[in-house]
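Protein chains in written order, with my numbering: chain A, 1 to 115; chain B, 1001 to 1115. Don't be surprised by glycine CBs; every beta carbon is placed ideally from N, CA and C.
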DNA sequence: TTAATATATGAACAGTTATTCATATATTGA
DNA sequence: TCAATATATGAATAACTGTTCATATATTAA
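Following this line, the structure appears as structure tokens:
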């Protein structure tokens, strides 16, 4: 392979290979993003930016069926994007931490969309 | 539906529904995250943090076949995560902007992994 | 123009995932 | 304990996605 930037690119490639995170770490990060990669789940997260909510109200806010929302909440919780606490008959969901808010806002800025 | 926080949750649900971004905007954001949601693509992005590279060197840095890497670069470019410029026989790829770097770093912080 | 090199892409297959439907579990009030 | 309500979940299906293989396109040097 020959290119004008052979040296710089080869050095960058070597540095990149040396500093590549481990397979498991990369998989964990990928799983985080996968949780954010579906419209149905993003809707839930945009909704929870307005405050914690139980499942019934999440369904009200985002539409769809209770079952589908519940399945998606499970994925979001498993990925550490939302957290849940029981409150009587209800489970109240909220965004896990400020990283989630920050990532959502960055992505929206990147895509020039208001939230 | 009756819960102790009926009023607060109902208000949050109403605000959430009123301020929900449009279907297309949500889809665009989801597409961004989808691009970040596969280990093979994350590896490419972690590599490009060390500097712009042509495809040959990206393959060297992340492993795999040229074809697979090229397919993944297409997805990353389509989602606006990386940009490309031709340089003679080579196409040189780089991260699209600072948002990408910031999102990657946030996700890694969230998952407690070093990059 | 031709050969060589770098990159892109279409088709096919395997693996993954979102939704729906039916049902299960957990909590509360009577 | 029983009925009602809120939420979760297993199975099935349809849609989607990543990789591979073969091949096409684009650029350069001769």
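The bridge partners DSSP lists for residue 1054(B) are 1092(B).
Fully enclosed alpha helix (DSSP H) runs of no fewer than 4 residues occupy 23-35, 39-48 of the stretch 23-48 of chain A, in order along the chain. With respect to the 7 Å criterion, residue 1017(B) and residue 57(A) are not classified as neighbours on the basis of their beta carbons.
Considering only 1111(B), 1101(B), 1112(B), 1106(B), the residue with the shortest C-alpha distance to residue 1044(B) is 1101(B). In the displayed model, residue 1077(B) falls within a helix according to three-state DSSP. Between residue 1015(B) and residue 50(A), the C-beta spacing is below 7 Å. Straight-line measurement puts the Cα of residue 30(A) at about 12 Å from the Cα of residue 22(A). Within the stretch 83-104 of chain A, the residues whose Cβ lies closer than 9 Å to some Cβ of chain B are 87, 88, 89, 90, 92, 96, 97, 99, 100, 102, 103, 104, listed in chain order. Scanning chain B for C-beta atoms nearer than 7 Å to the C-beta of residue 9(A) yields 1053, 1054, 1057, reported in chain order. Using a Cβ-Cβ distance cut-off of 8 Å, the stretch 1084-1092 of chain B and the stretch 1058-1069 of chain B are not in contact, since fewer than three pairs of beta carbons, one from each stretch, lie closer than that value.
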